[in-house]
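Per our numbering, the sequence shown starts with residue 2, numbered consecutively.
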Amino acid sequence: MKILRFWLTDRTKGRGILESFTERVIKIIQHIPSGKVMTYGQIGQLAGSPRGARQVVRILHSSSKKHDLPWHRVINAKGEIGIKADGAAEHQKAMLESEGVIFTKRNTIDLEAFRYHPELFNGMLE
């Protein structure tokens, strides 16, 4: 699988610089459209760290408010809401349902139907 790469422009020198893993994760999450989800591991892999799912969790926890991230669109690889805090899972589920995401009777999301694949869109791959 190709790695998704994002470039910034170094404004002082007018050249492209490769973003950090954290910056790439933030940019990927910012681009998840309404009604779609991505998994922690999928985001980590696209950002350049195939085993980076836990890093994605850390970034979501520390940066969601600061960067106004659609945190509710990130779920685990089983199609489940990963948050265990009181009320947070129900809130995430309600937000996803309001965007048209459907949960199965087992309280999971059909990843075949609702997973977002940014690597297929917008010429974002190199």
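Ideal placement from N, C-alpha and C gives every residue a C-beta, glycine not left out.
- Residue state for residue 105 is assigned as coil, using DSSP reduced to three classes.
- Residue 73 is positioned such that its CB atom lies closer than 8 Å to that of residue 93.
- Every unbroken stretch of the alpha helix (DSSP H) spanning 4 or more residues and falling wholly within the stretch 21-77 is given here in chain order: 22-31, 41-47 and 54-64.
- Under the DSSP definition of a beta bridge, residue 110 partners with 104.
- Separation of residue 119 and residue 28 (C-alpha to C-alpha, rounded to the nearest whole angstrom) is 11 Å.
- Cβ neighbours of residue 22 within its own chain (closer than 8 Å, five residues either side excluded): 48, 49, 50, 53 and 56.
- Following the DSSP letters along the chain, one finds residue 94 inside the alpha helix (DSSP H) bounded by residues 89-99.
- Going by beta carbons, residue 117 and residue 26 fall outside the 8 Å limit.
- Counting other Cβ atoms within 10 Å of its Cβ, residue 88 stays below 16 and is therefore classed as exposed.
- For residue 101 against residue 36, the beta-carbon gap comes to about 4 Å, under 8 Å, which counts as contact.
- Annotated as distal: residue 61 and residue 31, with beta-carbon spacing of 8 Å or more.
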